[in-house]
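Just below is one structure, and these are the notes that go with it.
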Amino acid sequence: MILAIDLMDETNEVTEEAQQLVESILQFAARKENIEKDTELSVTFVDNDRIREINKEYRHKDSATDVISFALEEMGEDEVEIVGAEMPRMLGDIIISIERTKEQAEEYGHSFDRELGFLALHGFLHLLGFDHMNEEDEKVMFTKQKEILEEYGLSREG
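Start counting the sequence shown at 409; every next residue gets the next number (this note's numbering).
The structure is reproduced here in structure tokens:
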């Protein structure tokens, strides 16, 4: 295992199989992206109300969204980088709305598992610094996403 993943289900709705899928696709993506062993991250499953609160507090958007990532490796203005400390790499946190996952799976006509895997991977790529704020970055990120999902075997039909 490359990643040490802390999975938390605040909804009590995410099956063991769905959690294993998230763990599996993130481990797969970590290998593809050459992430060093023992890198840590957390994935929290929440409902629409909770992700709306988080979105409002941190992104100033008063709406539920599907996935939010908090990258811990992005340095804030007043933060000092700790150099030389032998600590595990901590990528950050991924928060996924299970309600939105279900809604979007239905809307896009594919399985809950496919949507959950997509959102977990999308959040993971954000933790690695990928973004889609402009057209060029979006193309790079979405191409990477598509390649990993297809190679893993999670197609839109899945």
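Where is the CB? At the ideal position from N, CA and C, for every residue including glycine.
About 7 Å separates the beta carbon of S450 from that of M416, a gap short enough to meet the 8 Å contact definition. Residues I413 of the same chain have their beta carbon placed closer than 6 Å to that of E431, with the five preceding and five following residues left out of the count. M549 places its beta carbon less than 8 Å from that of F538. Going by C-alpha positions, H468 is about 15 Å away from S477.
Apart from sequence neighbours up to five positions away, the residues of its chain that approach A472 with a beta-carbon distance below 8 Å are N456, D457, I459, R460, N463, S505, E507 and R508, ordered along the chain. For the options E515, K510, A479 and L411, the alpha carbon positioned closest to that of A426 is the one of K510.
For I443, the closest C-alpha among the options E418, S519, L535 and M541 is that of L535.
Of the candidates R522, M541, N542 and E543, the residue whose Cα lies closest to the Cα of K554 is R522.
Per the C-alpha coordinates, the member of E421, N420, A479 and H540 positioned closest to T447 is A479.
The alpha carbon of S519 has as its nearest neighbour, out of H540, G561 and K547, the alpha carbon of G561. Within the same chain, and ignoring the five residues on either side of L429 in sequence, the residues whose Cβ sits closer than 7 Å to its Cβ are D521, L524 and G525.
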